[in-house]
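Remarks on the structure that follows.
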Amino acid sequence: MKAVCPICPHHCSLEEGAAGLCGVRHNQDGQVVSDTYGQLTSLALDPIEKKPLRRFFPGTFILSVGSAGCNMHCPFCQNHEISMMDESEYEEFCREESTVTPQALAEEGKRLISRGNIGIAFTYNEPLIGYEYVKDCAKAAHHAGLKTVAVTNGMICRV
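The numbering of the sequence shown is my numbering, which starts it at 442 and goes up by one.
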């Protein structure tokens, strides 16, 4: 049974088991699901100034996290090794890594407060293609007193 992905304007029409343009949302039993929930490809404590923000807590740091996949394939992407992993690379990555729960990510962010951390930034790939994880982490971060930032291309639909 085909399914149409509602996440971005591509509205990928997916056969059973097929992935969308982003590479990480698949048709599973007629439902489009994310394969990346809790699967992080990158995690780093960055100066807030590395983010495309203006006057947002200057001089602080933010825990930057990313996963695989993107709904755009820009040839100049500085994170293409992450954002444009092919399916076999992503499957290999998933076998090697463990899932990071939203609570564990918030705890790590809180642990880093002593190093100047103010929160969690979802970056390196298009975070909103895995909005379920971003939403759950943002709630956990809020409860931990942390800020959240989404570095996004903005090519997303209301779900």
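Glycine included, every Cβ here is placed at the ideal spot set by N, Cα and C.
DSSP puts F517 in a beta bridge; with which residues?
Its beta-bridge partners do not exist; DSSP assigns none.
Sequence-distant residues of its chain with Cβ nearer than 7 Å to G471 (five each side left out):
M442 and A444
Beta strand (DSSP E) segment containing H467, residue limits:
R466 to Q469
To the nearest angstrom, how far is it from the Cα of A591 to the Cα of L504?
12 Å
Select from V575, H521 and G500 the residue whose C-alpha is nearest the C-alpha of C486.
A small fix is needed here, since residue 486 is Leu in this sequence, not Cys. When only C-alpha atoms are compared, the closest one is G500.
Helix, strand or coil: which one does DSSP assign to G571?
helix
Can the beta-carbon of A509 be found less than 7 Å from the beta-carbon of V541?
no
Given G560, which residues of its chain have a CB within under 8 Å of its CB, disregarding the five upstream and five downstream residues?
I503, L504, G550, A582, L587, K588, T589 and V590
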